[in-house]
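Chains as they are written, first to last, in the numbering used here: chain E, 653 to 772; chain X, 307 to 679.
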């Protein structure tokens, strides 16, 4: 049931499309550190009702295509949904658990394109 | 050992199509049953014994390379040496491999190379030539590949958690590999394993595991894709953290590199099933073969010698070369056969023969069936 609710909320047009969005604070902090994560809040103005429904339901990470200072003091490019950033500490893709970043694919296969034959 | 003319069955193309062997006529005619090779029982015994012996030597060579910390010499990137060593020390199991042998029925079989990581031509060897044998009424064939593959999958599965599903992967747009992997997947299914398929290019990394297109995590992976490529591609960095059983295991990267030929000769000099091989041509006479460490399907192989020079084209060689004494590859009716001697697990499981019009067996060679009596 919980999964159903989240999937439904996931398609909400009020979820920002210009930044990493997580279901859990821990997932956001793991990628970006506490200083770069904030819970979704109520806002005033247009769409405030809908935004109110989102308040506290998600955690927002950095905006895409920015330079971000990580907890280790390193500055990294925050990437885009198609090209998420790489964590300088462990080589993992940032935002791998973010709701609005598709699973990175295509990390294998480039050598075959370059040389042709595979089997021996 | 002899090559015989043999009338081709009238409807062999349709029969192979029914088996799923769709690439029988690729490259101008890959399958050739207008001829066949005949062996005596004692010759098959000799090939079986040589296969077992070469597997013993190969495993001893891996043990030596790990113990003596020589993985870097075999072009294993430093970041992957622990993965390779760990897989060997933990006895990560292998499914299969294929030794390519020069053999004429008179001299002992000689190892040309070991296709230990991504051997192909297994559907032809296991199924197609067996159908040919049964339908042409020949006495017998050195071929227990199908049964041994099924049994080997059961052994592999016994070390995995119950209900482990195996994902099978190859690259897109490559019919031979796609058909081959579907056959291997079928042998796993016949062993009772749950199986799935995902192209290599479609795999994803979710931060903790490799996933298929449905975002389902892989729990065991059969890849028809070489380790030397996996290690050097963007997702390679995740292989060590994925804790994923992979077939063939990482230690096979030590054997699929042709540098292993020089290591084998160093460890077992004058062995009757080996040809002299070195990292330099200085120790060989005028006739030798120069092979890139990582070439595939006969690419960039060159023969140097008094009699004639032969060279094949390709993209390999920057990684280095091994130099092997030239085998007296026998010619039968103007064709040069190479015996593909299969191991499943550590057992000899049969042979398949590919012949070419030059002493270099390439991806344009023809598969010719065999029998013995």
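Ideal placement from N, C-alpha and C gives every residue a C-beta, glycine not left out.
So which residues on chain E does residue i lean against when the C-beta distance must stay under 8 Å?
i	result
residue 506/X	760, 761 and 764
residue 571/X	What residue 571/X touches in chain E: nothing, since even the nearest Cβ is about 20 Å away.
residue 373/X	In chain order: nothing, as chain E lies at least about 27 Å away.
residue 517/X	755
At a CB-CB cut-off below 7 Å, which residues of chain E make contact with residue i?
i	result
residue 513/X	744, 745, 748 and 749
residue 539/X	759, 760, 762 and 763
residue 521/X	755
residue 557/X	Chain E residues near residue 557/X: none, gap ~17 Å exceeds 7 Å.
residue 536/X	760
Note down, in chain order, every chain X residue with its Cβ under 8 Å from the Cβ of residue i.
i	result
residue 735/E	Going along chain X, no residue has its Cβ under 8 Å from residue 735/E, so there is no contact; the nearest lies around 11 Å.
residue 756/E	510 and 511
Please state whether the Cβ-Cβ distance between residue i and residue j is less than 8 Å.
i	j	result
residue 672/E	residue 753/E	yes
residue 450/X	residue 656/X	yes
residue 565/X	residue 594/X	no
residue 504/X	residue 475/X	yes
residue 654/X	residue 354/X	yes
residue 760/E	residue 507/X	yes
residue 628/X	residue 549/X	no
residue 674/E	residue 713/E	yes
residue 502/X	residue 471/X	yes
residue 390/X	residue 557/X	yes
residue 434/X	residue 530/X	no
residue 633/E	residue 756/E	Since the displayed chain E opens at 653 and closes at 772, residue 633/E lies outside it and no answer follows.
residue 635/X	residue 408/X	yes
residue 382/X	residue 546/X	no
residue 638/X	residue 347/X	no
residue 342/X	residue 315/X	no
residue 465/X	residue 497/X	no
residue 715/E	residue 683/E	no
residue 577/X	residue 363/X	yes
residue 538/X	residue 730/E	no
residue 645/X	residue 468/X	no
Give the interface partners of residue i over in chain E, defined as CB-CB distance under 9 Å, in chain order.
i	result
residue 531/X	760, 761, 763, 764 and 770
residue 527/X	The premise fails here: residue 527/X is roughly 11 Å from chain E at the closest Cβ pair, so nothing lies under 9 Å.
Provide the residue(s) that pair with residue i in DSSP beta bridges, ordered along the chain.
i	result
residue 501/X	472/X
residue 672/E	In the DSSP output, where bridge partners are listed per residue, residue 672/E has none listed.
residue 757/E	510/X
residue 660/X	644/X and 673/X
residue 342/X	310/X
residue 449/X	656/X
residue 336/X	Per DSSP, none; premise fails for residue 336/X.
residue 690/E	712/E
residue 584/X	629/X
residue 569/X	Looking at the DSSP assignment, residue 569/X forms no beta bridge with any residue, so it has no partner.
residue 745/E	738/E
residue 649/X	403/X and 654/X
residue 552/X	527/X
residue 719/E	729/E
The ligand GTP and residue i: does any heavy atom of the ligand fall closer than 7 Å to the residue's C-beta?
i	result
residue 484/X	With respect to the ligand GTP, the structure offers nothing, as it holds no ligand at all.
Given 8 Å, three or more beta-carbon pairs between the stretch 432–446 of chain X and the stretch 392–412 of chain X: no
Cβ contact (3+ pairs, closer than 8 Å) linking the stretch 336–344 of chain X and the stretch 661–675 of chain X: yes
Continuous beta strand (DSSP E) assignments of at least 3 residues falling wholly in the stretch 389–422 of chain X: 402–408 and 416–421
Every unbroken alpha helix (DSSP H) inside the stretch 510–546 of chain X [4 residues or more]: 533–536
Touch test, the stretch 421–429 of chain X against the stretch 567–582 of chain X, Cβ-Cβ under 8 Å, three pairs minimum: no
Touch test, the stretch 453–461 of chain X against the stretch 412–421 of chain X, Cβ-Cβ under 8 Å, three pairs minimum: They do not touch, by the three-pair rule.
Stretch-stretch touch, CB-based, cutoff 8 Å, three pairs: the stretch 518–526 of chain X with the stretch 363–374 of chain X: The count of Cβ pairs closer than 8 Å, one atom from the stretch 518–526 of chain X and one from the stretch 363–374 of chain X, stays below three, leaving the stretches out of contact.
At least three beta-carbon pairs within less than 8 Å, the stretch 344–363 of chain X to the stretch 475–489 of chain X: no
Complete runs of the alpha helix (DSSP H) confined to the stretch 346–394 of chain X [at least 4 residues]: Listed in chain order, the complete alpha helix (DSSP H) runs (minimum 4 residues) inside the stretch 346–394 of chain X are 347–373.
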